[in-house]
Structure formats: structure tokens, C-alpha cells
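Have a look at the structure below, then the notes.
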Amino acid sequence: MFRRTLILGIAGTLVGTVALARPEGRTCAPQIGNTASLAATARETVVPDEAVVTLSAIEHGTDVAAATREVLRRVNEAIAVVATVRGIVAETTGFQTMRDYRVVNNAQVADGWTVRDEIVLTSVDFKALGQLTGRLAGTWHVESTSTRISSRLRERAERSLTDQAIASFRARAARITSDFGLHHARLCTLDVGQLQGDRSLPRPMYSTLAVQRATVEPPLPIAPGRTTLSVTVSGSVRME
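Using my numbering, read the sequence shown as starting at 4 and increasing by one per residue.
Now the structure itself:
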């Protein structure tokens with residue numbers, strides 16, 4: 004059973020006298036005749052070009068208003084510091100007010116409040132972001148760091164890999180057709196896959212651990228590593 008995802012025609016000579024033929028008004032029936040199912044994958048190793056750091060401010064207390072004011076003060080202070088560093092973007096996320104409880108005589112009893120907020124910092128300057136994180140770590144928890152591929156790099160890689168995978172698919176279809184002593188490969192089905200391998204997930208560094216303020220705050224090292232991206236083109240051709 005063959006899955007018809009897209010019926011196309013791609014004209015032109017591929018290898019020697021072998022061509023991927025145009026359907027010319029008739030539907031290709033992959034289950035009839037000399038049919039081959041093919042797949043071609045193009046891969047590229049890239050270096051993630053954006054760094055992400057997630058910081059959190061947490062306050063506990065019986066006075067929820069006082070705890071909220073303290074968290075907001077620290078958020079405003081951090082945003083002001085970030086604004087002084089070129090190329091770093093700050094985004095506030097995850098503000099929460101939670102009731103705390105303790106167990107008394109096997110029963111839960113209200114025991115104050117926890118107020119929490121997060122700031123996500125992003126930059127293409129890994130060194131500057133690491134230095135800034137070191138400065139803020141005295142009053143903020145470093146929740147996680149991660150690296151990711153920017154949308155511009157992702158689009159460039161996907162476009163390039165798709166072109167390479169299509170060319171490889173065409174060449175393979177032509178080569179197999181020629182190996183069987185035939186001259187044309189009529190395209191029956193085609194599936195162009197999405198970009199694979201972009202796993203830009205946060206990596207925990209200091210889970211809710213407060214770093215004590217020092218006279219000189221050390222920068223937090225952020226290394227991008229490498230990521231292998233790929234695009235697969237698959238389909239079927241009828242050889243004639």
C-alpha cells in the first residue's frame with residue numbers, strides 16, 4: 004500500500020539519459036509497473052547562536068503584600084541592570100502567588116505565602132550574558148541555562164537542507180532507474196519532511212539555589228555545543 008501525499012511532475016534530465024518524467028495528464032499508479040520507494044536525507048552540523056538564562060526571584064512570608072513588593076522591587080532592579088547591557092533581552096514570565104501550608108495534628112494549616120517571578124534573558128553574546136548572570140546571581144536563583152538556534156539560522160538551514168535532500172532524491176531515482184536499464188523515472192508521491200534535530204531545551208544548572216553575593220561575581224560559562232539538523236525527502240517513482 005502506497006501513501007499518496009503529493010502528486011507532482013519534475014521535468015529535466017537527472018543522470019545521463021535518465022529523467023524524472025512529468026505525469027502529462029495521467030495519474031501515476033505506484034502499485035502498477037516498476038515502482039521504487041526512495042528516501043534521501045541531508046544533514047548539517049550547526050552551532051546554536053542564542054543563549055537563554057532563566058532567573059527566578061522568590062519571597063516567603065506571612066504578609067503577601069510585603070512579599071509581592073519585594074519580588075517586584077527585585078524584578079524592576081534586574082530589568083534596569085539588563086537595560087545597561089547591550090544585546091541582552093529580558094522577558095518577565097511566570098509570576099505566581101502561592102499559599103503555603105504546614106501540617107499540624109495531621110491537618111494542613113495555612114502558613115504564609117510564597118511569591119515568585121521569573122526573568123528570561125536571551126542574547127547572541129554568550130560572554131556578556133554569562134557575565135550579567137554572575138552579577139544577578141547574588142539576589143536571583145539561576146533556574147536554567149540553554150542554547151538554541153535562532154529563527155534566522157533555522158530558516159537558512161531548512162532551506163539549504165531541503166534543496167540538498169531534493170537533489171539527492173532526484174539523483175538516487177535516476178541512478179536506480181539507470182541500474183535497471185530503464186530511462187525515465189515518473190514521480191508518483193513525494194513527502195518533504197520538516198527540519199529535524201532542533202532540540203533547544205533548557206538544561207538545569209542550579210535548581211532554585213541562591214548564590215551568595217561576592218565582591219567579584221564570577222561569570223556563568225555558557226557553551227553552545229553543536230547540533231545536527233536534517234531534512235528527509237521521501238516518495239515513490241515508477242521506472243519506465
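Heads up, the beta-carbon is just placed ideally off N, CA and C, and yes, glycines get one too.
List the endpoints of the continuous alpha helix (DSSP H) containing residue i.
i, result
"V122", "Per the sequence shown, residue 122 should be read as Ile rather than Val. Run containing I122: none in the alpha helix (DSSP H); it sits in the beta strand (DSSP E), A110 to S126."
"L185", "Note, L185: premise wrong, no alpha helix (DSSP H); not H, not E."
List the DSSP bridge partners of residue i.
i, result
"I91", "S126"
"A45", "V234"
"N79", "Looking at the DSSP assignment, N79 forms no beta bridge with any residue, so it has no partner."
"E62", "V118"
"V55", "T125 and S149"
"Q99", "R119"
"V240", "A39 and L190"
"R105", "V112"
Would you say residue i and residue j are within 7 Å of each other, going by their C-beta atoms?
i, j, result
"G137", "P222", "yes"
"L41", "R173", "no"
"I169", "D201", "no"
"G115", "G64", "yes"
"T165", "V123", "no"
"V240", "A177", "no"
"P51", "T150", "yes"
"V118", "L232", "no"
"V127", "E47", "no"
"G238", "L193", "yes"
"G97", "E73", "no"
"Q167", "A45", "yes"
"L139", "A83", "no"
"E243", "L185", "yes"
"A43", "S171", "yes"
"L135", "E161", "no"
Original post:
Does the segment 123 to 141 come within contact of the segment 77 to 92, defined as at least 3 CB pairs closer than 8 Å?
Top reply: Touching, yes, given that three or more Cβ pairs across the two stretches are closer than 8 Å.
Original post:
If you pair each beta-carbon of the segment 94 to 109 with each one of the segment 156 to 175, do three or more pairs fall below 8 Å?
Top reply: With the cut-off at 8 Å, the segment 94 to 109 and the segment 156 to 175 do not touch.
Original post:
Is the segment 54 to 61 in contact with the segment 141 to 150, if contact means three or more CB pairs nearer than 8 Å?
Top reply: These segments touch.
**OP:** Any chance you could list the alpha helix (DSSP H) runs of at least 4 consecutive residues sitting entirely within the segment 149 to 200, in chain order?
**Re:** Segments of the alpha helix (DSSP H) lying fully in the segment 149 to 200: 154 to 182.
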